[in-house]
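A.B. asks:
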Amino acid sequence: MESPFKADVLKGKVALLTGGGSGIGFEISTQFGLHGASIAIMGRRKQVLDSAVSGLCSQGIPAVGFVGDVRKQEDAKRVVESTVKHFGRLDILVNAAAGNFLVSSEDLSPNGFRTVMDIDSVGTFTMCHEALKYLKKGGPGRSFSSGGSILNISATLHYTAAWYQIHVSAAKAAVDATTRNLALEWGTDYDIRVNGIAPGPIGDTAGMSKLAPEEISNKAREIMPLYKLGEKWDIAMAALYLASDAGKYINGTTLVVDGGLWLSRPRH
Ligand code: HXC
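In case it helps, this note's numbering puts the sequence shown at residues 55 to 322.
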C-alpha cells in the first residue's frame with residue numbers, strides 16, 4: 055500500500071532498530087528508509103541481519119547491520135557507537151527486539167520469566183541508556199535546539215490479562231513505564247521524545263504464528279471491531295507518524311494500533 059507520508063519526512067535522519075531485521079521491526083526499517091532515513095539494524099542472528107540489509111540496500115536505502123544481544127550492555131554500547139561511527143549521528147532509536155512463547159504461569163520457570171524481562175524491559179532500558187548521549191540536544195552531529203526520539207514497541211496484553219503471557223505482560227508493562235518516565239526526564243532535560251506503539255495482532259509475524267494458532271485468530275476475529283488482522287505496514291505508518299515532525303508534540307504516549315481489539319467484547 056502506498057504511504058500517505060511524503061518521501062522525505064525522515065530525510066537526513068539516522069535510525070537504529072533493535073529487532074530491525076525481521077517482522078514488525080523490518081517493516082519499520084523499510085518504511086523509515088523509504089522515507090529518507092539511513093538504517094542500522096541490530097539482531098542476534100547474522101544471517102537474518104545480512105538478508106535484511108541486502109533487502110534494504112536493494113531498495114536504495116543506506117543500511118548496515120550489527121550483530122548483538124540487547125541483554126548485553128557491552129553489545130548495546132558497541133552497536134550504538136558503531137551506528138554513530140558509520141552514519142555520523144543517531145536520531146531515532148526503535149526498540150523492537152522481543153522474546154516470547156506461550157506458557158502457563160504454573161509451567162513457566164522463574165528463569166523463563168526473567169529471560170523475557172531481560173530482553174523486553176531491561177533490553178529496552180539498556181539501549182535507551184547507551185543511546186542517550188547521542189540523542190540529546192547538542193549530542194554528536196546534532197544542534198543544541200533539538201534532541202532525537204525513541205520508540206518502544208509494546209503490546210496491549212497487560213491492559214487486562216492474557217492467557218499464558220504473564221512474562222510478556224509484565225515485561226511490556228515495564229516497557230510502558232519506561233516510556234513514560236524517560237519522556238518526563240529526557241523530554242525535559244534533553245528534548246528527546248519517547249513514545250511507544252502497542253500493536254494488536256499483526257499478520258505474517260513470528261509473534262502471530264507463535265502466539266495465535268489459526269483457531270484462536272478466527273475466534274478473535276469474531277469480536278474484533280474491524281474484523282481483520284493488522285498489517286506490519288499499519289505499525290510502520292504509526293512509527294513514521296511518531297518519529298517524524300508530524301508527532302513533534304507527542305511525548306510519553308503509547309499509541310495503540312489494534313483496530314480497537316483490546317476494547318472489544320462479545321455482543322450480547
Ligand atoms: C517455557 C521457555 C520456553 C517455552 C524458553 N523458555 N522457551 N519456557 N516454554 N517455549 C525458558 C527456558 O526453559 C529457560 O528457563 C529460559 O526460558 C531461557 O531459555 P533459553 O532457551 O535459554 O533462552 P534464549 O535462547 O535466550 O531464548 C529466549 C527466547 C527467545 C525468549 C526463547 O529466543 C525467543 O523467544 N525468541 C523468539 C523471538 C520472538 O518470537 N519474537 C517475536 C516476539 S512477538 P530455564 O528455567 O529452563 O533455564 C511479541 C509479541 C508480544 O513479543 C505481544 C503479542 C500479542
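All C-beta atoms, glycine included, are put in the ideal place defined by N, C-alpha and C.
Taking the C-alpha atoms as reference points, what is the distance between residue 155 and residue 222?
C.D. replies: Cα to Cα, the separation comes out at about 9 Å.
A.B. asks: So is residue 132 in contact with chain B if we call contact Cβ pairs under 8 Å?
C.D. replies: You won't find chain B in this structure, because it holds only one protein chain.
A.B. asks: Quick one: which unbroken beta strand (DSSP E) runs of 3-plus residues sit fully inside the region 186-270? Chain order, please.
C.D. replies: Within the region 186-270, the complete beta strand (DSSP E) runs of at least 3 residues are 203-207 and 247-253.
A.B. asks: Using alpha carbons as the reference points, say which of 112, 130, 89 and 196 lies closest to residue 142.
C.D. replies: Comparing Cα-Cα distances from residue 142 to each of 112, 130, 89 and 196, the minimum goes to 196.
A.B. asks: Count Cβ pairs between the region 71-78 and the region 101-112 that sit closer than 8 Å; are there 3 or more?
C.D. replies: The region 71-78, when compared against the region 101-112, does touch it at the 8 Å Cβ threshold.
A.B. asks: Indicate the three-state DSSP secondary structure (helix, strand or coil) for residue 156 in the structure shown.
C.D. replies: Residue state, collapsed to three classes: coil.
A.B. asks: Using a threshold of 7 Å, is the CB atom of residue 282 nearer than that to any non-hydrogen atom of ligand 1?
C.D. replies: Answer for residue 282: no, Cβ out of range of ligand 1.
A.B. asks: Could you pull the DSSP bridge partners for residue 309 from this structure?
C.D. replies: DSSP, once it has assigned bridges, lists 251 as partnering residue 309.
A.B. asks: As a quick exercise: from 60, 57 and 107, pick the residue whose alpha carbon is nearest that of residue 70.
C.D. replies: Ranking the options by Cα distance to residue 70, first place goes to 107.
A.B. asks: Roughly how many angstroms lie between the CA atoms of residue 314 and residue 253, to the nearest whole one?
C.D. replies: If you take the alpha carbons of residue 314 and residue 253, they lie about 10 Å apart.
A.B. asks: Give a single yes or no on whether residue 57 has its beta carbon closer than 7 Å to a heavy atom of ligand 1.
C.D. replies: Because no heavy atom of ligand 1 lies under 7 Å away, the Cβ of residue 57 does not count as near it: no.
A.B. asks: When you compare only the Cα positions, how much space is there between residue 152 and residue 173?
C.D. replies: If I take the Cα positions, the gap works out to 6 Å.
A.B. asks: Please determine, among 301, 239, 147 and 240, the residue with the shortest C-alpha to C-alpha distance to residue 82.
C.D. replies: Nearest option by C-alpha distance: 147.
A.B. asks: Check whether the Cβ atoms of residue 250 and residue 308 sit closer than 8 Å, and answer yes or no.
C.D. replies: In contact: residue 250 and residue 308 (Cβ atoms closer than 8 Å).
A.B. asks: Just reading off the alpha helix (DSSP H) that residue 291 is part of, what are its end residues?
C.D. replies: 286-297 is the extent of the alpha helix (DSSP H) around residue 291.
A.B. asks: Measuring alpha carbon to alpha carbon, tell me which residue in 225, 164 and 67 is nearest residue 207.
C.D. replies: Among 225, 164 and 67, the Cα nearest to that of residue 207 belongs to 225.
A.B. asks: Counting only the same chain and skipping the five closest in sequence on each side, list residues whose C-beta sits under 6 Å from that of residue 198.
C.D. replies: 191 and 192, listed in sequence order.
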